[in-house]
Amino acid sequence: MSVEVLQIADIPVSFSSDIDLKKLIPADKLETYQLFRLNLEAHKLSLLPAFDTLLSLNLSRGIIPFEHQINSVKKLLGRFRGRGMLCDEVGLGKTIEASLAMLELITRGLIKRVLIMVPPSLIEQWKEETSFKFNLEFITSDDKEFKSHGSAAWGKFDRIIASIHTAKKSPHSDAIKQEDFDLIIVDEAHHLKNANTVGWKFINSLKKKYIFLLTATPVQNNLEDLFNLVTLVYPGELGTLKSFKKNFVSAGDRLTPKNYEQLRSLLGELIIRNRRATSDVKFTKRYAKTIRVQLSEQEKALYESVSDVVRNQYKGSPQQVKMSLRILQEEIGSIPPAAVSTLESLKDKLPDSAQIDGLIEQCNLMACSEKVEVLIDVINKTPDKVIVFTKFRASHTAIMAALEKHGIRYSPLHGGLTRHEKEKSIKEFQNTSKALVSTDVGSEGRNLQFCNHIINFDLPWNPMKIEQRIGRISRIGQEKEVHVTNLSAKDTIEDHILYLLDAKINMFELVIGEIDVILGRLDEETDFETLIMDAWTKSPDTKQFESEITQLGEDLLAAKQKYSTLKNTEDKIFGDQFNTTTAEKTATEDAEDEHRDS
Amino acid sequence: MSTAILEKFLIDYVEAIEGETELVDEGTYTVLYGSEPTLKTVTFEIEAAKENHQIELFLPGSIFFDSVIRDATAKGCTCATYLSGFQVVTKVIQFEAMRNFSFVDYRKDGAKKIEPKIPSFQPYNFRIWTFAFKVRVTTDIIEDHLYAVSIDARTSKILKNFTEYLDKFQHLSHYEESIPDYHLQDFQRYYHAAIEYMKQKLTTLIAGKKQEARDLKIKETGRIKKYYDTLNEEMEDALEKKAGDREAVAEIHAKQKAMLLQRQSALGDIEFRYRMGAGMSLVSVLITNYPCYVSKVSVPSSMQTAEYDIIWNPIFKRFEPLVCPTCKNQSYTLNFLRSGIRCQNCFKNS
Chain F
1 MSVEVLQIAD IPVSFSSDID LKKLIPADKL ETYQLFRLNL EAHKLSLLPA FDTLLSLNLS
61 RGIIPFEHQI NSVKKLLGRF RGRGMLCDEV GLGKTIEASL AMLELITRGL IKRVLIMVPP
121 SLIEQWKEET SFKFNLEFIT SDDKEFKSHG SAAWGKFDRI IASIHTAKKS PHSDAIKQED
181 FDLIIVDEAH HLKNANTVGW KFINSLKKKY IFLLTATPVQ NNLEDLFNLV TLVYPGELGT
241 LKSFKKNFVS AGDRLTPKNY EQLRSLLGEL IIRNRRATSD VKFTKRYAKT IRVQLSEQEK
301 ALYESVSDVV RNQYKGSPQQ VKMSLRILQE EIGSIPPAAV STLESLKDKL PDSAQIDGLI
361 EQCNLMACSE KVEVLIDVIN KTPDKVIVFT KFRASHTAIM AALEKHGIRY SPLHGGLTRH
421 EKEKSIKEFQ NTSKALVSTD VGSEGRNLQF CNHIINFDLP WNPMKIEQRI GRISRIGQEK
481 EVHVTNLSAK DTIEDHILYL LDAKINMFEL VIGEIDVILG RLDEETDFET LIMDAWTKSP
541 DTKQFESEIT QLGEDLLAAK QKYSTLKNTE DKIFGDQFNT TTAEKTATED AEDEHRDS
Chain L
1001 MSTAILEKFL IDYVEAIEGE TELVDEGTYT VLYGSEPTLK TVTFEIEAAK ENHQIELFLP
1061 GSIFFDSVIR DATAKGCTCA TYLSGFQVVT KVIQFEAMRN FSFVDYRKDG AKKIEPKIPS
1121 FQPYNFRIWT FAFKVRVTTD IIEDHLYAVS IDARTSKILK NFTEYLDKFQ HLSHYEESIP
1181 DYHLQDFQRY YHAAIEYMKQ KLTTLIAGKK QEARDLKIKE TGRIKKYYDT LNEEMEDALE
1241 KKAGDREAVA EIHAKQKAML LQRQSALGDI EFRYRMGAGM SLVSVLITNY PCYVSKVSVP
1301 SSMQTAEYDI IWNPIFKRFE PLVCPTCKNQ SYTLNFLRSG IRCQNCFKNS
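Next up, the structure:
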């Protein structure tokens, strides 16, 4: 190997070569052109070009990123050097941007260890997106295998999606602080607005080469929130808190900045904020309809009996039993047969096993729920193809049996199918079937925008999961109006959830992502489904539960209004100055020449 | 586009090492390769790999991908090719040559077009050398560039984008019939030309990166200095306010000391982060042999008879220009004057 040093623009450039040029003639023993081409292609694939060429675009699947998303990634990695805040308005794909940037760094070999911290309700969504859209396998902190390693798990796995609530608590926080993660991503980072909280201090204390903070609402209550978030990314960028307040916060109004221009210029070095108004993302309109089903006396009585068991046993039960009781409550809200397996698993854990046996027997006898009849009626009256979503396999089976009985052509989709069977089923639905009967797990990673009508046979308590269902059809490529039909049995928990989400805050017509922001403002620490379950179990009767729900509804409405007010404030602070709808001219003519040369 | 690039690369690789690929499912192939044939099932779909652990992923960072890249870059470092498949009718180029070149004899009684006799064109072997260089520039980020520099061995001139032409032709390991080599320049001359070209490229590239790193360094340094200076001022204020409280003063002094150390370390980090480095390596060489058609022409004028090689280049589908003996530039028109032979430019300027 020959090595020499060339002095170029005052920089010593080592020039090495393994090739003995003197031995190249005569050319008889040289390799073929095909191998030369292959060699060049292999070098190109292992090259780390400037960030105005994104390698990740070739590796993502089933997504065609928008221009603003591509530009955001280029800016985040190029100009911001991998430390920045993605503050796009909701619905513009911050997750896509962050995942693309992450994939770019992984592909270039710049990072290996990644820790994504999100609110618990978004863990599964992140896992699904990173896996299906970006071919990146993550383990979640909820995973049994992860949990089996205790806090040592943080050092054992290279790619982790964790609940930030879990991560910031001891002993996990201490273990994480010992680790060197190359990239930290925090979704819904507005939860870190307060520098005195455990969460902020925890993120601030982590060793990190790159950090992406994702939030649609960087200003929550006052400008200090923004200062605290920025300080996590670039300490000192906005000065000290005292100097920041002096320079940028109006006296007597902590939400109104002064020295706008100077502040914007500083923020322009670390914040990306695309707005829907200036982006190329357009969605068709969504319409939602709720059908309240009157259960038969017998079915209603069974629902109440199961609910009584849940209410009476919930308080004071171990965590695992509590979890099962919650699932049981969700199952009985779907149809009675869905509750059988959980009831069976609870039989030995609850005091009155004879009572549980009785409930199992009743559930088994009630295979044909009123809801199923109403579903058949809705499908028959709908001219379009429909996707029927259910949470449970038992409900899935019951729905299929009913469709079969009524001669409605359907295709099944559930987690038990192989990738092939799923694809086949979707194709069949696209070509011939009237209905696709899908569980939430079955539809993961699938784009079903050729259909524009979904029916929620039962309702996930986690609104993010409801959004995911809608997102299967309300996405790019959907050309028709989207219709969502919700079925709920009167006076069930799901009925009340629908009242909150549909009647109270009109969730089904919100932009995807907005509900999460609103719920975040409702309660930062507790997820929505826990709030519901707590209200249910602490209410001795329906009247009390209704009053709890009414209060929750008022809080939700207030959170929605506050979100709307803050959005206006943020628009004032950021304007259109931070969007990336128009690419920055980063590539020089020389770079273009190089590209042509190579 | 998805993983199409990787898919094509894998198929090309297996084909180049004389193996076989068969598509068994969308994004999944069986691959048979190696001297002791190995059968593998590889996929670009993470879902397929999850379903069946016998299937290997072929994505950047995967073990199989890395091993293929390693093998492919170890191969094809010194290559030669013989281009074939040109449709050349020598009679036609013989006729075309007259229309492309112009020779004018400036005599006392005025200018007269010379129409030399063009003998038939004979094939000669010409060469183009392509040197592929990989350049890595390091500041706080790493940036790679790949340059394929092609040099005409007859003129030692750079041929821009030559590699883009190559896929259009048929490639052989040798000519079907042997043809004589045309007189070419010494290897050192065109290798030197390639290096000089790269130096120019690197000068522009490094100057740009240096400026970028310098700007970032200044900005970062300014931010850190300002931040710690403000903190220090705030501590000085606190010291003034707590002047009577010995314990508080001692505490602030300790904080100040720690802060100064932090400042120093932060500035040191910045200095280190933006330190610039660059390296270049010659990763492969390709010698492209191709037949050019040459006619040795005598151009008689009133002053002298000059000999020229008129060359038809079938790659670029053009006649190679002649060299003006006065200015050494290339031209298709030569004027024969009492003072010497001049191209049109020299002629106008004289």
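Heads up: the protein sequence lines correspond to chains F and L, in order.
Residue 49 in this note's numbering sits at position 49 of the first sequence, and the numbers go up by one each step.
Numbering-wise, this note's numbering comes out as the position in the second sequence, counting from 1, plus 1000.
Beta carbons: idealized from backbone N, C-alpha and C, even for Gly.
Values in this document were obtained by computation on a predicted structure and should not be read as measured data.
The beta strand (DSSP E) enclosing residue i, as first and last residue numbers
i: F:THR197; result: Premise fails: F:THR197 is in no beta strand (DSSP E) and is neither H nor E.
i: L:ILE1315; result: It is not in any beta strand (DSSP E) - L:ILE1315 carries neither H nor E in the DSSP assignment.
i: L:ASN1052; result: That residue, L:ASN1052, is in no beta strand (DSSP E); it is neither H nor E in DSSP.
i: F:ASP143; result: Per DSSP, F:ASP143 belongs to no beta strand (DSSP E) and is neither H nor E.
i: F:VAL90; result: Element bounds for F:VAL90: n/a, residue is neither H nor E.
i: L:HIS1171; result: 1170 to 1172
i: F:HIS406; result: From DSSP, F:HIS406 is part of no beta strand (DSSP E); its letter is neither H nor E.
Alpha-carbon spacing of residue i relative to residue j, whole angstroms
i: F:LYS94; j: L:CYS1077; result: 43 Å
i: L:ILE1141; j: F:ILE515; result: 38 Å
i: L:GLU1320; j: L:GLU1096; result: 13 Å
i: F:ALA583; j: F:HIS68; result: Because F:ALA583 sits at a pLDDT of 47, beneath the cut-off of 50, its placement in the model cannot be relied upon, and the point is left open.
i: F:SER598; j: F:LEU110; result: For F:SER598, the pLDDT reaches just 36, beneath the cut-off of 50, and the residue's location in the model is therefore unreliable, leaving the point undetermined.
i: L:LEU1146; j: F:ARG61; result: 27 Å
i: L:THR1138; j: L:ARG1246; result: 50 Å
i: L:VAL1297; j: L:GLU1020; result: 52 Å
i: L:TRP1312; j: F:LEU24; result: 27 Å
i: L:HIS1183; j: L:ARG1154; result: 7 Å
i: L:PRO1180; j: F:GLU97; result: 59 Å
i: L:GLN1304; j: L:SER1156; result: 29 Å
i: L:TYR1175; j: L:SER1084; result: 8 Å
i: L:MET1001; j: F:LEU45; result: Low local confidence applies: a pLDDT of 35 at L:MET1001 is under 50, so the model's placement there is unreliable, with the coordinate-based value given in what follows. Near 15 Å, if we compare the C-alpha coordinates of F:LEU45 and L:MET1001.
i: L:ILE1024; j: F:ARG37; result: It is worth fixing the name first, because residue 1024 of chain L is Val in this sequence and not Ile. So the alpha carbons of these two residues sit roughly 26 Å apart.
i: L:PHE1067; j: L:THR1043; result: For the record, residue 1067 of chain L in the displayed sequence is Ser; it is not Phe. Looking at the two C-alpha atoms, the distance is approximately 15 Å.
i: L:ALA1049; j: F:ASN39; result: 27 Å
i: F:LEU498; j: F:THR290; result: 8 Å
i: L:LYS1091; j: L:GLN1122; result: 11 Å
i: F:PHE545; j: F:TRP536; result: 6 Å
Supposed contact pair residue j and residue i - C-beta distance, whole angstroms, cut 8 Å
i: F:PHE212; j: F:LEU35; result: Wrong, their Cβ atoms sit about 41 Å apart, outside the cutoff.
i: F:ILE271; j: F:MET85; result: 5 Å
i: F:ARG472; j: F:SER443; result: 6 Å
i: F:VAL599; j: F:GLU104; result: Outside the displayed range of chain F (1 to 598) lies residue 599 of chain F, so it cannot be described from this structure.
i: F:SER14; j: L:GLY1208; result: No, F:SER14 and L:GLY1208 are not in contact; Cβ-Cβ is about 20 Å, not under 8 Å.
i: F:LEU343; j: F:CYS368; result: With a Cβ gap of about 19 Å, F:LEU343 and F:CYS368 do not count as contacting.
i: L:CYS1079; j: L:LEU1282; result: About 13 Å separates the two Cβ atoms, so there is no contact after all.
i: F:GLU481; j: F:TYR287; result: 6 Å
i: F:THR215; j: F:ASN579; result: Rounded, the Cβ-Cβ distance is 16 Å, inconsistent with contact.
Contacting residues, own chain, Cβ-Cβ under 7 Å from residue i (five flanking each side not counted)
i: F:GLU594; result: Confidence at F:GLU594 is low in this model, with a pLDDT of 44, below 50, so its placement is unreliable and the value that follows should be read with caution. Contacts found: none.
i: F:ILE123; result: THR140, ASP142, ILE161, SER163
Sequence-distant residues of its chain with Cβ nearer than 8 Å to residue i (five each side left out)
i: F:LEU192; result: VAL186, GLY199, TRP200, ILE203, LEU213, ASN228, LEU229, LEU232
i: L:ARG1107; result: SER1302
i: L:ILE1118; result: GLN1094, ALA1097, MET1098, SER1295, VAL1297, ILE1310
Bridge partner(s) assigned by DSSP for residue i
i: F:PHE134; result: Looking at the DSSP assignment, F:PHE134 forms no beta bridge with any residue, so it has no partner.
i: F:PRO257; result: F:VAL249
i: L:PRO1291; result: L:ASN1125
i: F:GLU370; result: Partner(s): none; F:GLU370 has no beta bridge.
Alpha helix (DSSP H) segment containing residue i, residue limits
i: F:LYS242; result: 241 to 248
i: F:GLY155; result: 153 to 156
i: F:GLY84; result: Careful: F:GLY84 lies outside any alpha helix (DSSP H), inside the beta strand (DSSP E) at 83 to 86.
i: F:LYS606; result: Any question about residue 606 of chain F goes unanswered here, given that chain F covers just 1 to 598.
i: F:HIS172; result: 172 to 178
i: L:TYR1227; result: 1187 to 1241
i: L:HIS1253; result: 1246 to 1273
i: F:MET323; result: 319 to 334
Same chain, Cβ closer than 6 Å to residue i, five either side skipped, listed in chain order
i: F:LEU100; result: SER56, VAL73
i: F:LYS347; result: SER353, ILE356
i: L:ALA1194; result: PHE1131, VAL1149, ILE1151
i: F:LEU295; result: GLU370, ALA489
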